[in-house]
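Asker: Submitted below is the structure of interest, expressed as structure tokens.
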Ligand code: XMP
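Residue numbers (this note's numbering): 2 to 523.
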């Protein structure tokens, strides 16, 4: 039996569908639309059944790596134009629209553009109130040679004659440039105009309404059933617990499972105390560390680690559920990026890693999932936490992955290697807090590498393992930049880790952004 489809509180009164043709920027389109206070979802191009929803206000077609001339290039599903809602095609999406509606698209000769370009606006429309020349980001191999009949060119670039078109009266737009990336500084405003003026969105997606609507949806879904809630002391599970607790009161049973892979149990205890104080719920603490660590012994493959942890979590929850009595539901703090990056049920986006609370779940499980935050990005979850009155310390904590230190101890997980990582973690975290850099970074942690290098300490040779420090700035973890931590600060971290943590003789700093890296190393 596969797990039942997770119930989603559908709280938005209006929404935009983003059909993903495989662009690396699709999630950014979703971000920009949410920032404009319109709910949106990324869907595979064949999810046409979802487009029948009467609350749908518009469709955005993403870019993609293909050329419409490739043999296996994804097609424009006929339902897109049949829905009679506005459609915006970006890059590949623009080419699909232009060809479908009778325009002409051809491979670029000298007009290929990759990188910054200047857009020269010829007709205002969605560019109303913006400058006549706009910095934009281009990345394409094909160009629209002639807009569809009835269409008009809105803007050109020095090399491309049709960099944006519109079919007046039909709400159909095509952009050759990418309004969703930061290198198109006014891109958000252009999208806002499309959403407000063309799609007629009220732009009322906000977390206060989300909370009110979610409470009703959770009560309706849960009925008189009891729910177990997996809490970790982190932001997402705390917000999920607070939300569901407010909806169903004492029928919520929060449970903390110690998998032996936490960085600092005292810190977790403090966070769970805060959660108990602000929600009135009692958290049941279960020590399953021996079971997890036993199953992980000798395992080095990152995806296997994740699957073992996901599976074992569920088995522990099932055992605990029996102790409570009849419990049917399992609440998890799964977020939208977890869903996207595990690419569950989505063929266009490549699977990056199996976030343990999504794809890492076993096929067979006896608890139905309730994931009230599944549609939200991290910053939206934090706003929900504030709406629910959770303390700042809890809401603005750095994220910590469900599989814990298992994905930061690269290679085999042993007690001694966990000790090294915890030692480095405490020093790094203390120094970040002491210097006020904790709040300036989105996430920061050490990683233990499975390599040894030669060093010299005192008069002797050492041959020991290395720690990498990772610190990033981000908004929601979907993209991230490495944090420019001061050199003196890094020097102090390195000095203390090598002096105080036995078995470490080298410290490096990770200067990879996401993409191309991910935030965690596994
Ligand atoms: P990546 O490494 O995918 O991480 O760039 C993005 C954010 O997600 C966290 N992360 C996880 N969180 N379960 C979680 O609850 C997981 O399996 C998982 N893997 C990564 C990561 O710490 C970062 O904040």
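The beta carbon of each residue, even a glycine, is placed where N, CA and C say it ideally should be.
Does at least one heavy atom of ligand 1 sit under 6 Å from the Cβ of residue 521?
Answerer: Because some heavy atom of ligand 1 lies under 6 Å away, the Cβ of residue 521 counts as near it: yes.
Asker: In this structure, does DSSP put residue 366 in helix, strand or coil?
Answerer: Residue state, collapsed to three classes: coil.
Asker: Less than 6 Å between the CB of residue 400 and some heavy atom of ligand 1, yes or no?
Answerer: Result yes, Cβ under 6 Å from ligand 1.
Asker: Tell me the DSSP secondary structure of residue 316 in three-state form.
Answerer: Looking at residue 316 - three-state DSSP - the assignment turns out to be helix.
Asker: May I have the straight-line CA-CA distance separating residue 240 from residue 279, to the nearest angstrom?
Answerer: Rounded to whole angstroms, residue 240 to residue 279 spans 11 Å at the Cα level.
Asker: Throw me the rounded Cβ distance for the residue 502 and residue 424 pair, which I believe falls under 8 Å.
Answerer: That pair is a contact at about 4 Å.
Asker: Could you tell me whether the stretch 483 to 498 touches the stretch 455 to 473, using the rule of 3 or more Cβ pairs below 8 Å?
Answerer: Short answer: they touch.
Asker: Are residue 169 and residue 104 touching if we call contact CB-CB under 7 Å?
Answerer: In this structure, residue 104 does not lie closer than 7 Å to residue 169 by Cβ.
Asker: For residue 148, which of helix, strand or coil comes out of DSSP?
Answerer: Coil, per DSSP.
Asker: Given a cut-off of 7 Å on the beta-carbon distance, is the pair residue 144 and residue 99 in contact?
Answerer: Not a contact, by the Cβ cut-off of 7 Å.
Asker: What's the gap between the Cα of residue 23 and the Cα of residue 283?
Answerer: Distance between the alpha carbons of residue 23 and residue 283: 44 Å.
Asker: Check this for me: beta carbons of residue 494 and residue 432, under 7 Å apart or not?
Answerer: Contact: yes.
Asker: DSSP three-state label for residue 494, please.
Answerer: It is helical.
Asker: The alpha helix (DSSP H) spanning residue 219 covers which residue range?
Answerer: Residue 219 -> alpha helix (DSSP H) spans 208 to 223.
Asker: Tell me which residue opens and which closes the alpha helix (DSSP H) that residue 228 is part of.
Answerer: From DSSP, residue 228 is part of no alpha helix (DSSP H) but of the beta strand (DSSP E) over 227 to 231.
Asker: Quick one: does the C-beta of residue 444 sit closer than 6 Å to a heavy atom of ligand 3?
Answerer: This structure lacks ligand 3; the ligands present are ligand 1.
Asker: Would you give the residue range spanned by the alpha helix (DSSP H) that residue 95 belongs to?
Answerer: Segment 93 to 101, the alpha helix (DSSP H) holding residue 95.
Asker: Looking at residue 336 and residue 374, is the spacing between their C-beta atoms short of 7 Å?
Answerer: Their beta carbons are under 7 Å apart, which means residue 374 touches residue 336 by this criterion.
Asker: Does the structure place the stretch 150 to 158 close enough to the stretch 182 to 190 that three or more beta carbon pairs sit under 8 Å?
Answerer: Cβ pair count under 8 Å is below three, so no.
Asker: My output table needs one value for residue 123: the three-state DSSP class, helix, strand or coil.
Answerer: Looking at residue 123 - three-state DSSP - the assignment turns out to be coil, as it is neither helix nor strand.
Asker: Whose C-beta lies closer than 8 Å to the C-beta of residue 377 among residues of the same chain, with five residues either side of it excluded?
Answerer: The answer, listed in chain order, is 211, 336, 337, 385.
Asker: Does ligand 1 have a heavy atom nearer than 6 Å to the CB of residue 403?
Answerer: True, at least one ligand heavy atom lies under 6 Å from that Cβ.
Asker: Tell me residue 114's beta-bridge partners as DSSP assigns them.
Answerer: DSSP lists 141 as partners of residue 114.
Asker: Comparing C-alpha positions only, which one of 69, 232, 89 sits nearest to residue 62?
Answerer: For the residues 69, 232, 89, the minimum Cα distance to residue 62 belongs to 89.
Asker: At a cut-off of 6 Å, is residue 478 close to ligand 1 when judged by its beta-carbon and the heavy atoms of the ligand?
Answerer: Residue 478 Cβ: within cutoff of ligand 1.
Asker: Is DSSP giving residue 396 helix, strand or coil here?
Answerer: Of the three classes helix, strand and coil, the one that applies to residue 396 here is helix, per DSSP.
Asker: Pick helix, strand or coil for residue 405, following the three-state DSSP scheme.
Answerer: Three-state DSSP puts residue 405 in a helix.
Asker: Please name the residue, chosen from 441, 184, 459, that lies closest to residue 136 on a Cα-to-Cα basis.
Answerer: Taking only the C-alpha atoms, the option nearest residue 136 is 184.
Asker: According to the Cβ coordinates, are residue 371 and residue 330 closer than 7 Å?
Answerer: Yes; because the gap between Cβ atoms is below 7 Å, this pair is in contact.
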